Ligand code: HDE
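In my numbering, the protein residues as written are -12 to 687.
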């Protein structure tokens, strides 16, 4: 049967970058509109396999079918062992302030350059197909395609990590991943093995306390901070070293969800964060982050009341202030999720001249792990030639061959020193005095090789105490409640008690609240401590709720309408909300809706499939009849009950206030107003209604 062919997908016209002096060759295919096999053979029928007769068996001869199925069979590559689920985007980095006093890296000295970047945000524990909104740490990895090679800053959205030595990473990850005998839970830390490990490893407590805070349940990837965590070195032209910690700060400010909302989002939209990032970039609302550094000398570091080489410690902004030196804008979605998001290979060892590693033992272990895992995940050493991984500056060396070699290096010389490349045709490159150099550090006298943990790493409780005590009362309640939730999913009594015994060293009131929430009758003894706990100065910079920006920029407001709704009232809310920088989505009982006096139009979502968790604030304009009818509709009652429960502003029409809100059990407060009070709605919609929370749920 002759079937009209679909246009073949656009061939790649991207130039393959080869070594300097090497051949630059293009994909051989041209966009002729003809579908072909991978060998370029035109396909005449993409609907039917080759059969012995019309109802007979399929023939082995059918190379077109075999090629198609074979390729499909091999489409999947291994998931990342951690951070498997991620969403990514292209963009650029601009330096606004030169660090030339501290570093020779052009990335941090050339204020005229615009450096292309590729950023990937991820959850840690779940598989590639898991949900976007579990309580988890978020990866924040940025590849800078600099003039001096690729530099990867592979960070997280929390400023500290859970372990101090790379030796413990496989244990930590095995504990948080689904339990190996039963294969659950997916993408969740609320289970016995995780808390078993945590309660036996006090070094985890700082990061775990951050993960229990609202930072663990962000509203949007566009609204998270990023941290390089480890101390790095900046090296200047004189070879002098200054330590640096790197920070990303979102222009939209920090924003989190509330726990019940995060849980419901998992059902409402598995891809909530991925979609949010994609849609924002797609409509030109480009996410942006400030890039800031904390700079300090070795001598200053000696005076810190903690060891900055310990990745479980942050350096309070109050101690070493942040200097903003640049900004990153993400302005282009990937063309292909697999080719870019899946195949991108970040590696902390991708380091450029002028920056160097510190001796942080966690960082040191990472320098081995990433390339190693990528060899098995991406199938061999030549993954560096995949477009998303290839440098955008010239590159040349004597590396040759191996699986999937995409370049065709010319000449007979693939070594150096060499004298036989007399015509200069071999793309090998030469060493340069501007190349990468490691900082030359003097080893401490009298110390030798050993499997040791520095004594300065022994204090596990002072910083989680500082973090917890710095939080606002509501944030402290959220942290305590998160501990209660997680530990209530732990079956083993010993593990629960041991965790509470650890919490006693952080803050007695936290331990007591968690113990009460778990129904413990008495507090267990405090866990033994290897070092005295210090009462460090508080760090308000670690809070989230007090620092949230009151803004609608980057947010989304849902308006519930139905046939006959007052179009003018809808327009008024829409205009005000859009003027304030937010997106508006119309939700209706049916996907097609006709506002009063208007033509039928497509709603953005159908009520039953578009719950209010998807919005930052909600409004509704219904006819009185529809309001009375929808008061019997579970999806509608939940729409308002959840919006109220998740502390959102609600602008409701008269019919809704009369019929629906009472059924939803909503007693209007300052965050619930009439649809005509547009200014009041805008004001309340810019923040959550935090005052409402204690009236709604018992917090620990
Ligand atoms: Fe990673 N980590 N990690 N990690 N990590 C990986 O590399 C590892 C650590 C982080 O979007 C893996 O290509 C070890 C700290 C991010 O592709 C793997 C240790 C921080 C991503 C790996 C750490 C991170 C990864 C898995 C302890 C924040 C996702 C896939 C020594 C500063 C990157 C891969 C992406 C990915 C190992 C600790 C962040 C297995 C051994 C600390 C954002 O190599």
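We treat Cβ as the ideally placed atom computed from N, Cα and C, and that holds for glycine. Only a predicted model underlies this, so the values are computations on that prediction, with no experimental measurement involved.
#1: So does residue 366 have its beta carbon nearer than 8 Å to some heavy atom of the ligand HDE?
#2: Whose CA, out of 291, 480, 140 and 96, lies closest to the CA of residue 344?
#3: From the DSSP secondary-structure annotation, give me the bridge partner or partners of residue 137.
#4: Can you tell me which residues form a DSSP beta bridge with residue 143?
#5: Give me, in chain order, the residues of the same chain whose beta-carbon lies closer than 6 Å to that of residue 330; leave out the 5 immediate sequence neighbours on both sides.
#6: Write down every uninterrupted run of the alpha helix (DSSP H) in the stretch 544 to 606 whose length is 4 residues or greater and which is fully enclosed by it, in chain order.
#7: Which class does residue 27 belong to by DSSP, given the choice of helix, strand or coil?
#8: Tell me whether residue 10 is buried or exposed, calling it buried when 16 or more other Cβ atoms sit within 10 Å of its Cβ.
#9: Measuring straight from C-alpha to C-alpha, what distance separates residue 531 and residue 453?
#10: So, for residue 335: in the same chain, excluding its five sequence neighbours on each side, which residues have a beta-carbon less than 7 Å away from its beta-carbon?
#11: Let me know the beta strand (DSSP E) ranges lying completely inside the stretch 320 to 350, each 3 residues or longer, listed in chain order.
#12: With three or more beta-carbon pairs closer than 8 Å as the criterion, would you say the stretch 49 to 67 touches the stretch 238 to 254?
#13: For residue 177, which option in 565, 521 and 468 has the closest C-alpha, if you only look at C-alpha atoms?
#14: Jot down the residue ranges of each uninterrupted beta strand (DSSP E) in the stretch 417 to 465, minimum 3 residues, whole runs only, in chain order.
#15: Give me the DSSP bridge partner(s) of residue 235.
#16: Report all residues from its chain with a CB closer than 8 Å to the CB of residue 84; omit the five preceding and five following residues, and keep chain order.
#17: Quick check on the burial criterion: 16 or more other C-beta atoms within 10 angstroms. Buried or exposed for residue 584?
#18: Looking at residue 446 and residue 564, is the spacing between their C-beta atoms short of 9 Å?
#19: Quick check on DSSP: helix, strand or coil for residue 658?
#20: Considering just the uninterrupted stretch of the alpha helix (DSSP H) at residue 207, what are its terminal residues?
#21: What separation, rounded to the nearest whole angstrom, lies between the Cα atoms of residue 185 and residue 486?
#22: Could you tell me the alpha carbon to alpha carbon distance between residue 66 and residue 114, rounded to whole angstroms?
#23: Examine the ligand HDE and report whether any of its heavy atoms sits within less than 8 Å of the Cβ of residue 73.
#24: Measuring only the C-alpha atoms, how far is residue 458 from residue 482?
#25: Find out if the Cβ-Cβ distance for the pair residue 281, residue 307 is shorter than 9 Å.
#26: Between residue 161 and the ligand HDE, is there a pair consisting of the residue's CB and a ligand heavy atom that are separated by less than 8 Å?
#27: Do residue 319 and residue 78 have their C-beta atoms closer together than 9 Å?
#28: Using a Cβ distance threshold of 8 Å, determine whether the stretch 599 to 618 contacts the stretch 627 to 646, with at least three qualifying pairs required.
#29: Could you spell out where the beta strand (DSSP E) holding residue 101 opens and where it closes?
#30: What's the C-alpha gap between residue 492 and residue 514?
#31: Considering only their Cβ atoms, is the gap separating residue 68 from residue 150 smaller than 9 Å?
#32: Report yes or no: do the stretch 420 to 437 and the stretch 492 to 511 share at least 3 C-beta pairs separated by less than 8 Å?
#33: Mind reading off the beta-carbon distance from residue 569 to residue 544? Whole number of angstroms is fine, and I expect it under 8 Å.
#34: Taking just the CA atoms, how far does residue 264 sit from residue 206?
#35: Between the C-alpha atoms of residue 110 and residue 200, what's the straight-line distance to the nearest angstrom?
#36: Since residue 73 sits in a beta bridge, which residues does DSSP pair it with?
Taking the geometry as given:
#1: no
#2: 140
#3: 132
#4: 126 and 214
#5: 373 and 375
#6: 554 to 566
#7: coil
#8: For residue 10, the predicted model reports a pLDDT of 37, less than 50, meaning its position is unreliable; a value from the coordinates is still stated below. Label assigned to residue 10: exposed.
#9: 15 Å
#10: 139, 141, 350, 353, 354 and 357
#11: 342 to 344
#12: no
#13: 468
#14: none
#15: 213 and 278
#16: 98, 310, 311, 312 and 313
#17: exposed
#18: no
#19: coil
#20: Unbroken run through residue 207: none, as it is neither H nor E.
#21: 7 Å
#22: 7 Å
#23: yes
#24: 26 Å
#25: yes
#26: no
#27: yes
#28: yes
#29: 101 to 110
#30: 7 Å
#31: no
#32: no
#33: 5 Å
#34: 11 Å
#35: 16 Å
#36: 109
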